[in-house]
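Undergrad: For the sequence shown, full-length UniProt numbering begins at 6 and goes up steadily by one.
Every residue gets a Cβ at the ideal spot worked out from N, C-alpha and C, and that includes glycine.
Submitted below is the structure of interest, expressed as structure tokens.
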Amino acid sequence: NAIPATLIPGDGIGPEVTKATVEVLEALGSPFEWETCSAGMAGIEAGGDPLPAATLDSIRRTRLALKGPLTTPVGGGFRSVNVRLREEFKLYANLRPAKTIIPGRYEKIDIVLVRENIEGLYVAHEHFIPVGDDPRAVAVSTGVNTRDGCRRIARFAFEYAVRNGRKKITIVHKANVLKALTGIFLEAARDVAKEYAGRVEVDDRIVDACAMQLVLNPWQFDMLLCTNLFGDILSDELAGLVGGLGLAPGANIGEHGAIFEAVHGSAPDIAGKGVANPVSLLLASGLMLEHAGRPELAERLRAAIQATLLEDNVRTRDLGGTASTVEFTAALIKRLGAA
Ligand code: NAI
Ligand code: MG
6 NAIPATLIPG
16 DGIGPEVTKA
26 TVEVLEALGS
36 PFEWETCSAG
46 MAGIEAGGDP
56 LPAATLDSIR
66 RTRLALKGPL
76 TTPVGGGFRS
86 VNVRLREEFK
96 LYANLRPAKT
106 IIPGRYEKID
116 IVLVRENIEG
126 LYVAHEHFIP
136 VGDDPRAVAV
146 STGVNTRDGC
156 RRIARFAFEY
166 AVRNGRKKIT
176 IVHKANVLKA
186 LTGIFLEAAR
196 DVAKEYAGRV
206 EVDDRIVDAC
216 AMQLVLNPWQ
226 FDMLLCTNLF
236 GDILSDELAG
246 LVGGLGLAPG
256 ANIGEHGAIF
266 EAVHGSAPDI
276 AGKGVANPVS
286 LLLASGLMLE
296 HAGRPELAER
306 LRAAIQATLL
316 EDNVRTRDLG
326 GTASTVEFTA
336 ALIKRLGAA
């Protein structure tokens with residue numbers, strides 16, 4: 006019962022952390038059978054397109070992908086590949102769990118953020134208005150939130166809560182100022198919440214206050230439900246609460262597929278040096294195992310990662326250790342063998 010899945014190694018440190026992840030999944034006995042495809046700079050080099058048709062075809066078939074970070078070239082007129090993938094496969098839900106593995110500034114953090122992934126200000130309907138001889142004197146950006154889109158992401162969050170035994174969802178908004186754009190989100194989310202009354206608690210926070218509360222007392226939160234831009238910002242704040250980008254996984258889930266990724270970028274400063282931390286992508290592959298109906302494998306993987314970091318104390322440089330990517334991977338595979 007192999008499960009076909011698309012593998013996009015990506016740019017920069019992408020191929021290094023992807024190789025590590027594939028090896029670990031192999032040792033774990035994962036069901037995935039990979040179709041390796043290019044995207045990003047690798048796609049441009051291979052055929053002039055950062056999102057090649059063959060890659061899209063593969064995801065259309067498998068509906069399941071693990072993706073390394075992609076470098077979006079600045080200039081050159083290419084739209085962000087990540088945004089294109091979200092639109093193409095209607096990946097309307099971005100899932101960003103933040104759970105402490107290595108106690109640091111904070112301990113015992115366990116928060117799941119659900120971000121609306123294709124509406125809001127990220128539709129990027131932007132333009133400039135000329136004034137006098139300045140062609141770009143005024144910048145205008147239009148955000149779009151639809152009632153259907155808001156209800157869809159709210160339902161995703163509440164269904165996730167029920168399936169995963171979560172107790173409370175906090176709706177994050179700025180309905181005091183952006184009364185239309187985020188007011189509709191708050192309203193739709195509260196409507197959906199009524200269907201889950203008695204099963205999942207609901208409250209709401211204004212985004213700026215929420216950002217502060219996350220620093221002061223993160224333990225009060227269980228799940229956060231956010232619009233696109235607020236979710237983008239708060240999900241990186243959550244990554245900071247649990248030790249940074251090297252430890253944070255993400256998933257983009259929709260009606261036509263699901264793409265799992267590390268939340269960090271291609272890290273050009275350390276690419277090719279063999280020191281990248283593969284844990285973020287490994288945890289993303291754990292989310293992918295859960296999504297594919299193999300939660301027991303995801304749990305084993307997570308436990309082995311934790312044991313490698315905490316008990317064996319094998320860590321990459323970003324976590325204060327000295328291990329290379331290859332050394333960390335070998336230690337993790339040894340752990341899996343021992344488990
Ligand atoms: P970045 O996340 O690539 O790097 C930020 C810092 O964190 C760097 O010092 C880097 O060395 C370090 N870092 C990141 N991941 C690491 C890991 N796994 N192990 C050890 N250290 C790690 O962010 P940056 O520099 O802003 O972006 C670089 C490129 O990545 C840009 O082209 C950007 O567009 C792209 N990017 C792609 C994303 C994606 O495909 N999902 C997400 C974020 C950025
Ligand atoms: Mg972001």
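Suppose the cutoff is 6 Å on Cβ atoms and the five residues either side in sequence are ignored; what does the same chain contact list for Gly67 look like?
TA: By 1-based counting over the sequence shown, the position of residue 67 is 62. Note on identity: in this sequence residue 67 is Thr, with Gly being the wrong assignment. Answer for Thr67: Pro9, Ala10 and Thr11, listed in chain order.
Undergrad: Indicate whether the contact test is met: 3 or more Cβ pairs, each with one atom in the segment 217-230 and one in the segment 118-137, closer than 8 Å.
TA: yes
Undergrad: Measuring CA to CA, which of Leu100, Ile49 and Ala59 is closest to Cys42?
TA: By one-based count along the sequence shown, residue 42 stands at place 37. Answer by Cα proximity: Ala59.
Undergrad: Should His269 be listed as close to the ligand NAI, given that the test is whether its C-beta is under 7 Å from any heavy atom?
TA: Position 264 of the sequence shown holds residue 269. Yes, the Cβ of His269 comes within 7 Å of a heavy atom of the ligand NAI.
Undergrad: Look up Ile238 in the DSSP assignment and say whether it is helix, strand or coil.
TA: Position 233 of the sequence shown holds residue 238. Ile238 falls in the helix class under three-state DSSP.
Undergrad: If you draw a straight line from the alpha carbon of Val319 to that of Leu306, how long is it in whole angstroms?
TA: By one-based count along the sequence shown, residue 319 stands at place 314. By one-based count along the sequence shown, residue 306 stands at place 301. Rounded to the nearest angstrom, the two C-alpha atoms are 16 Å apart.
Undergrad: I'd like to know if Ala194 contacts chain D, where contact means its C-beta is closer than 8 Å to some C-beta of that chain.
TA: Absent from the structure: chain D. Only one protein chain is present.
Undergrad: Taking all protein chains shown into account, decide if Ala272 is buried (16 or more other Cβ within 10 angstroms of its Cβ) or exposed.
TA: Residue mapping note: residue 272 aligns to position 267 of the sequence shown, counting from 1. Ala272 comes out buried.
Undergrad: Using beta-carbon positions only, say whether Ser285 and Gly248 come within less than 8 Å of one another.
TA: Taking the first residue of the sequence shown as position 1, residue 285 is located at position 280. Taking the first residue of the sequence shown as position 1, residue 248 is located at position 243. No, the pair does not count as a contact, with Cβ atoms beyond the cut-off.
Undergrad: Ordered along the chain, which non-local residues of its own chain (more than five positions away) have a Cβ less than 8 Å from that of Ile338?
TA: Residue mapping note: residue 338 aligns to position 333 of the sequence shown, counting from 1. Same-chain partners within the cutoff: Glu28, Val29 and Ala32.
Undergrad: Quick one, which of Glu40, Leu126 and Arg204 has its alpha-carbon nearest Ser146's?
TA: The count along the sequence shown starts at 1 and reaches residue 146 at position 141. If we check each option's Cα against that of Ser146, Leu126 comes out closest.
Undergrad: Using C-beta distances below 7 Å, list every residue in its chain close to Asn133, excluding the 5 sequence neighbours before and after it, in chain order.
TA: As a working mapping, residue 133 is identified with position 128 in the sequence shown. Reading the sequence as shown, one finds Phe at residue 133 and not Asn. Same-chain partners within the cutoff: Pro140, Arg141, Val143 and Ala144.
Undergrad: Which residues mark the beginning and the end of the alpha helix (DSSP H) in which Ser85 is found?
TA: For the purposes of this step, residue 85 is taken as the residue at position 80 of the sequence shown. It is not in any alpha helix (DSSP H) - Ser85 carries neither H nor E in the DSSP assignment.
Undergrad: Just to confirm, does Ser240 get its C-beta within under 7 Å of one of the non-hydrogen atoms of the ligand NAI?
TA: The residue given as residue 240 occupies position 235 in the sequence shown. Not so, every heavy atom of the ligand NAI lies at least 7 Å from the Cβ.
Undergrad: Can you tell me whether His261 is buried or exposed, with buried defined as 16 or more other CB within 10 angstroms of its CB?
TA: The residue given as residue 261 occupies position 256 in the sequence shown. His261 is exposed by the Cβ-count criterion.
Undergrad: So what's Leu71 in DSSP terms, helix, strand or just coil?
TA: Stepping through the sequence shown from its first residue, residue 71 is reached at position 66. It is a strand residue.
Undergrad: Please classify Phe163: does DSSP put it in a helix, a strand, or coil?
TA: Here the question's residue 163 lines up with position 158 in the sequence shown. Correct three-state label for Phe163: helix.
Undergrad: Do Leu208 and Lys172 have their C-beta atoms closer together than 8 Å?
TA: The sequence position of residue 208 within the sequence shown is 203, counting from 1. The sequence position of residue 172 within the sequence shown is 167, counting from 1. A quick correction: the sequence has Asp, not Leu, at residue 208. Result no, Cβ atoms of Asp208 and Lys172 do not sit closer than 8 Å.
Undergrad: Count Cβ pairs between the segment 50-59 and the segment 291-306 that sit closer than 8 Å; are there 3 or more?
TA: no
Undergrad: Does DSSP classify Ile49 as helix, strand or coil?
TA: As a first step, residue 49 is located in the sequence shown; it is residue number 44 there, counting from the start. Three-state result, Ile49: helix.
Undergrad: What is the rounded straight-line gap between the Cα of Asp153 and the Cα of Ala202?
TA: Sequence index remark: in the sequence shown, residue 153 carries index 148 (1-based). Sequence index remark: in the sequence shown, residue 202 carries index 197 (1-based). Cα-Cα distance, rounded: 20 Å.
Undergrad: Which of the three DSSP states is assigned to Lys173 in this structure?
TA: Along the sequence shown, read from residue 1 onward, the residue named residue 173 stands at position 168. Residue state, collapsed to three classes: strand.
Undergrad: Taking Cβ positions, are Phe94 and Asn150 nearer each other than 8 Å?
TA: Reading the sequence shown from its first residue, position 89 is the one you call residue 94. Reading the sequence shown from its first residue, position 145 is the one you call residue 150. No, these two residues do not count as a Cβ contact at 8 Å.
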